[in-house]
Structure formats: C-alpha cells, structure tokens
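Student: Okay, so the sequence shown: first residue is 572 according to the numbering used here, each after it adds one.
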Amino acid sequence: MGGTGGSVAGSGMGCPGSGSPGSGTGGVGTGFGVGCDMGLGYPVATVRTLHPRSDRYSPPVLTVAGLNTFPVKGCAPVPLTRARVGAAGLEHDRAWMVTDPDGTFRSQRRDPRLALVHPRVADDVLILSAPDAPVIEVEVDDHAPARPVTLFGEPFRGIDQGDPAADWLTRVLGRPSRLVRVPPDHDRAPTGLTPGTSGYADSSAVHLLGLASHAELNRRLTTPVPLDRFRANVLVAGGPPHAEDDLRAITVGGVALGYTKPAIRCAVTTVDQATAARTGPEPLRTLATYRRTPEGVAFGVKFAVTTPGWIEVGDEVTGAGPPSAR
Numbered sequence: 572m573g574g575t576g577g578s579v580a581g582s583g584m585g586c587p588g589s590g591s592p593g594s595g596t597g598g599v600g601t602g603f604g605v606g607c608d609m610g611l612g613y614p615v616a617t618v619r620t621l622h623p624r625s626d627r628y629s630p631p632v633l634t635v636a637g638l639n640t641f642p643v644k645g646c647a648p649v650p651l652t653r654a655r656v657g658a659a660g661l662e663h664d665r666a667w668m669v670t671d672p673d674g675t676f677r678s679q680r681r682d683p684r685l686a687l688v689h690p691r692v693a694d695d696v697l698i699l700s701a702p703d704a705p706v707i708e709v710e711v712d713d714h715a716p717a718r719p720v721t722l723f724g725e726p727f728r729g730i731d732q733g734d735p736a737a738d739w740l741t742r743v744l745g746r747p748s749r750l751v752r753v754p755p756d757h758d759r760a761p762t763g764l765t766p767g768t769s770g771y772a773d774s775s776a777v778h779l780l781g782l783a784s785h786a787e788l789n790r791r792l793t794t795p796v797p798l799d800r801f802r803a804n805v806l807v808a809g810g811p812p813h814a815e816d817d818l819r820a821i822t823v824g825g826v827a828l829g830y831t832k833p834a835i836r837c838a839v840t841t842v843d844q845a846t847a848a849r850t851g852p853e854p855l856r857t858l859a860t861y862r863r864t865p866e867g868v869a870f871g872v873k874f875a876v877t878t879p880g881w882i883e884v885g886d887e888v889t890g891a892g893p894p895s896a897r
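#1: Excluding sequence positions up to five away, which residues of its chain have a Cβ less than 7 Å from the Cβ of Ile730?
#2: Return helix, strand or coil for Thr889, following the three-state DSSP convention.
#3: Could you check the C-alpha separation between Arg728 and Ala636 for me, to the nearest Å?
#4: With a CB to CB cut of under 8 Å and the five nearest residues on each side skipped, what residues in its chain are close to Arg653?
#5: Pick from Pro797, Tyr830 and Ala686: whose alpha carbon is nearest that of Ala820?
#6: Short of 7 Å in beta carbon distance, which residues of its chain neighbour Ala736, apart from the five on each side in sequence? Order them along the chain.
#7: Between the alpha carbons of Gly951 and Leu855, how many angstroms are there, rounded?
#8: Report yes or no: do the stretch 651-667 and the stretch 737-745 share at least 3 C-beta pairs separated by less than 8 Å?
#9: Figure out for me which residue from Val777, Thr877 and Cys837 has the closest Cα to the Cα of Val868.
#10: So, Ala875 versus Gly767, is the Cβ gap smaller than 7 Å?
#11: Which full runs of the beta strand (DSSP E) of 3+ residues lie inside the stretch 617-702, going along the chain?
#12: Do Val656 and Pro879 have their C-beta atoms closer together than 7 Å?
#13: Run the CB neighbour count on Glu853, radius 10 Å, all protein chains shown included, and call it buried at 16 or more, exposed below.
#14: Going by DSSP in three states, Pro705 sits in which element: helix, strand or coil?
#15: Quick one: residues in its chain with C-beta nearer than 7 Å to the C-beta of Pro719, no 5 flanking neighbours on either side, listed in chain order?
#16: Which of helix, strand or coil does DSSP assign to Arg849?
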C-alpha cells in the first residue's frame, strides 16, 4: 500500500479484501496490514485472541438484521429482506464484474465511481442506473463464448455482456470498460478453512458482520462511518462487538455456513458509497489500532455455503462455537 497516511484511500490494488485467490492469508496483498508495516505511522495492536476463554461461555443470541446482494462486483448493493442462497452465495451476488478491455477486473480500490452504479435484476434483465446517466437494461447472456478475465491475478472466464453495456459503463466511469458475467461452468475454489465456491467475490461466498462491531468502531472514531463502507452480505444483531469472530459451523434460516477466514480490510472502506469520494485514512487507521491479525486488519468474517436454502431478516444464527485463540 505504501505512501503516507494521506494516500491510503488511493493506495489501489495491493489489498484484495479478505484474501486473494490462491492464498489463505491474502497472497496478492495483506490488506491494510501491509501499509501499517511500511511506515504509515499508525499505532498497531496485534489481535491474536479476539475474546478471552471461559469455561462458562454461552454463545450470544445473534439474529439477521440485514441482507445485501451485490450483483455487479464493486457496485452498489441491493438490500433484501429474504434471499435465496446457493453454493456461490446470495442469489446474483457478484455474478457480474466490470473489467478493463483486456479482462482485468475493476474495483473501488482504483475506480471509486463504481459505487455510484446501482444494479438490480428483474427476471433475465440486469438494470443499471447512475447519476446523470440514462437507465440501461442488459439482457442476461449466459450463452455467448466466454473470454479470459483476471481477478487478483488469477485467470477465470467471463461472458461478455455486449457493447451497449460496455459503452454505458465507459461513459459513467470515464474509462474503457467491459461487463462480464460468471459462466455456467464457473468453477472457483477460494481458499479458507471450509471448502466452497463463489462468483466474482474477493474470496468466499458470504461476508457476515455484526452491528455491535460497527457500533464499537464508531465509538472509537471522531467521525462515525456508515455501515455501507463494509459491503457485507449478512448483518447480524446481538452479542458483544466481534461476536462473529467465534462463529464456525452455523445455520441461518435454511442455510448452513462454514467459516473460511476473517474479512481483511482495504482502501474500499475509505470510499464514501454515496458520493464515490475518497475520505482519507479512516476507518482503516483506527481499525489498525485494535483489529490487527496476522492476516491484516480484520473486521467481519467470511463463510462458505455448505447447505443452500433461504435466509431472511429475523432468522436466528445457531451453532456458534466457543471463543478460540488465533
């Protein structure tokens, strides 16, 4: 990530969210942890045991407080009250991806204006809207030949969604762009403790975050940051801050999930999701003082889907394990 504290928001491609494909500890980069070790000057506390052990530990009662799917990687979410969850996560989550003409993926790390693109899916149509741009409807194409794309340097395939979508994104983002969709034969195996698959997510299929964790972060910040900075699929209420760190094999509604890894944070958290403005070093600077792990700055957890099904707001999370040292 390099540079000084003022450059964190623009530090770009060296922080692949919660670990890049092919590395259990964020192989292409280790999120903000790399920046902390390279002279950014932020105080760092290494977090190894996230909760103290206790023989009388009782799992907290956690319930689903919010659901989000992100149809186009890096773009705005679609809030849901109920969602179908497949092997690759919530329905349509990161099923599309914006790329350079050469197939290299685009994200808010480099293109914060992706935050202004609002997708939704209706039947077999992807509908895109953005400020000062006409709405475009893109008929989903699952049958055109797939072409090479890269995600954190790893090769995959993507079905190009045509010139109208590409031209629209080029105008909105201000640089040549293409839109691709996960092909039916997409076979991805992200690293993590539980085997699974995902679409074009940074790593695992489901990203879960506790509201108490967000509240604790804001308690430490001079200026609070909104929840949308963290782009989680499943938001849970209840329990102490970071209770989600201790979840392992869990059931939520009709869905079973298995823990894969912590969610390692990068410069996307410094992008205002409403304006696409880069806001400076927070919240990464503060997170680095109390959420540093060997993998990087952790905030939230990632899961693989072990049993698909339905999940809805109000569902209880069952199967939480006891505190564990890391």
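Virtual Cβ for every residue (Gly too), placed ideally from N, Cα, C.
Tutor: Per the coordinate set shown:
#1: Asp712, Asp713, Ala715, Ala717, Val751, Arg752 and Pro754
#2: strand
#3: 34 Å
#4: Leu638, Trp881, Ile882, Glu883 and Val884
#5: Tyr830
#6: Ile707, Val709 and Leu750
#7: The structure shown does not extend to residue 951, since the chain is modelled only from 572 through 897, so no value can be given for it.
#8: no
#9: Cys837
#10: yes
#11: 633-640, 649-651, 653-657, 667-670, 689-693 and 696-701
#12: yes
#13: buried
#14: strand
#15: Gly674, Pro726 and Arg728
#16: strand
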